[in-house]
Amino acid sequence: MATVLVVDDDDDIRELIAIGVQRAGHDVTSVADPVAALAVATESSFDMAVLDWSMPNMNGGELCARLRNLPHFASRPVLILTAYADRETRTKALAAGATAFMTKPFSLRDLGDAVERALPARTG
Numbered sequence: 001m002a003t004v005l006v007v008d009d010d011d012d013i014r015e016l017i018a019i020g021v022q023r024a025g026h027d028v029t030s031v032a033d034p035v036a037a038l039a040v041a042t043e044s045s046f047d048m049a050v051l052d053w054s055m056p057n058m059n060g061g062e063l064c065a066r067l068r069n070l071p072h073f074a075s076r077p078v079l080i081l082t083a084y085a086d087r088e089t090r091t092k093a094l095a096a097g098a099t100a101f102m103t104k105p106f107s108l109r110d111l112g113d114a115v116e117r118a119l120p121a122r123t124g
């Protein structure tokens, strides 16, 4: 079982993501605001993060890059989950340090599979 940080400013989508991650057998900490998420990640350790791309105050790429600056998060997997399916967004997400990229809409099964693929074997 892993601990997963889920960040999305849309309450319904964030709840859906949390359900998908929990169904895959993991604990979830769910945060609506990327600035608050950064504070949470500074204080707590997570095995992975699932981040929305388009959020106020800081997009998922910026949050990913800032998470990568935290010593305990530098090598943790980060999945960007977004409605933007274009190559430019994918390139920006990967350049910011994302290890995986998934587009909305998504199925809970596909999300769970993506989380499992991203997590190191020791936490799965």
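Residue 1 is where the sequence shown starts when you use the working numbering, and the numbers rise one by one after that.
Every residue gets a Cβ at the ideal spot worked out from N, C-alpha and C, and that includes glycine.
Item                                                                                                                                                        : Value
Just the Cα atoms here: how many angstroms apart are Val28 and Pro34?                                                                                       : 16 Å
Under three-state DSSP, which class holds Asp11?                                                                                                            : helix
Can you tell me the Cβ-Cβ gap for Ala100 and Gly61, rounded? I've got them flagged as a contact below 8 Å.                                                  : No, Ala100 and Gly61 are not in contact; Cβ-Cβ is about 14 Å, not under 8 Å.
Could you pull out every residue in the same chain whose Cβ sits closer than 6 Å to the Cβ of Pro71, ignoring the five residues on either side in sequence? : none
How is the alpha helix (DSSP H) around Leu111 delimited, first residue to last?                                                                             : 108-118
Tell me, which residues are paired with Met58 by DSSP?                                                                                                      : Beta-bridge pairing links Met58 to no other residue.
Roughly how many angstroms separate the alpha carbons of Pro120 and Pro56, rounded to a whole number?                                                       : 30 Å
Taking just the CA atoms, how far does Met1 sit from Ile19?                                                                                                 : 15 Å
Report buried or exposed for Thr82, applying the criterion of at least 16 other Cβ atoms within 10 angstroms of its Cβ.                                     : buried
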